[in-house]
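Peer 1: Sending over a structure as structure tokens; questions will come in a sec.
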């Protein structure tokens, strides 16, 4: 089962910041939080990941709470092309490998 | 750098047949994972290969198998196809070294079983 919970859907006005929340209350100390998005029927696209510090790249910012039990993905200026399903994932290391368990994600609709 | 490529992109098979899907990872990536995506079950992990060895396996029947070659290219095979195997099959590769574990996904192979 996925170790994360997300709201099933959210709307955001074009040009405004989109703030997507994620709860991961059972996260362990060495487990990373990853964010992906999937535009209809395409392969998921990597966005950003973090451990405990806030992270920023050209696509988004990731804010992780101090207790690491939740995080927020921020798209600073949402465009129509950001409409997608966003997945928050806790990477679980198994057998020195990795297992990304995807939940249902949040369907973000950016509205004109 | 070229992304993850998957072939074929679309495939139609009939029940009882078998199918082989191919995945070429990003150059230098050593880990290849496979996922099945259906409207009902979402994205589900099938298996992960690293250095030609299956390192992790999801909860799928033995009809689903895979392998990885020395150049990191991977194939997955589904035998005795069932209608429920109709899905988007996604391959993802990862550098899997020095803390770099993010997976990069290919466009997927859309399999339809009739």
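Protein chains in written order, with this note's numbering: chain A, 1 to 112; chain B, 1001 to 1114.
Every residue, glycine too, gets a C-beta built ideally from N, C-alpha and C.
All of these numbers come straight from a predicted model, not from anything done at the bench.
1) Return the chain-ordered ranges of every beta strand (DSSP E) run that is complete within the segment 57–81 of chain A and spans a minimum of 3 residues.
2) Ignore the nearest five residues each way along the sequence and tell me which others in residue 1095 (chain B)'s own chain have a CB closer than 6 Å to its CB.
3) What residues from chain B crowd round residue 43 (chain A), counting only those whose CB sits closer than 7 Å?
4) Could you name the residues of chain B that residue 57 (chain A) contacts, counting a contact when the two beta carbons are closer than 7 Å?
5) Show which residues of chain A have a CB atom less than 7 Å away from the CB atom of residue 1066 (chain B).
6) Whole angstroms are fine: how far does the CA of residue 14 (chain A) sit from the CA of residue 33 (chain A)?
7) Just how far apart, CA to CA, sit residue 87 (chain A) and residue 17 (chain A)?
8) Strictly under 7 Å for the Cβ-Cβ distance: is residue 1059 (chain B) near chain A by that measure?
9) Residues of chain A with CB under 9 Å from residue 1010 (chain B), in chain order?
10) Compute the beta-carbon to beta-carbon distance between residue 1111 (chain B) and residue 1018 (chain B), rounded to the nearest angstrom, for a pair I have assumed lies under 8 Å.
11) CB residue 1060 (chain B) to CB residue 43 (chain A), shorter than 7 Å?
12) For the segment 1033–1051 of chain B, which residues have a beta carbon sitting closer than 7 Å to at least one beta carbon of chain A?
13) Who are the neighbours of residue 104 (chain A) on chain B, taking C-beta pairs under 7 Å?
14) Please state whether DSSP places residue 1084 (chain B) in a helix, a strand or coil.
15) Mapping DSSP to helix, strand and coil, what is residue 1057 (chain B)?
16) Looking at C-alpha atoms only, which residue of B:1103, B:1108 and B:1114 is the closest neighbour of residue 1026 (chain B)?
17) Could you name the residues of the same chain whose beta carbon sits closer than 7 Å to that of residue 1078 (chain B), not counting the 5 residues immediately before and after it, in chain order?
18) At a Cβ threshold of 7 Å, is residue 1056 (chain B) touching chain A?
Peer 2: Looking at the coordinates:
1) 61–64 and 70–75
2) 1029
3) 1090, 1105, 1106, 1107 and 1108
4) In chain order: nothing, as chain B lies at least about 11 Å away.
5) Chain A residues near residue 1066 (chain B): none, gap ~14 Å exceeds 7 Å.
6) 26 Å
7) 18 Å
8) no
9) Within 9 Å Cβ-Cβ: nothing; residue 1010 (chain B) doesn't reach chain A, min ~11 Å.
10) That pair is no contact at about 12 Å.
11) no
12) 1042, 1043, 1045, 1048 and 1050
13) 1042
14) helix
15) strand
16) B:1103
17) 1018, 1019, 1063, 1064 and 1085
18) yes
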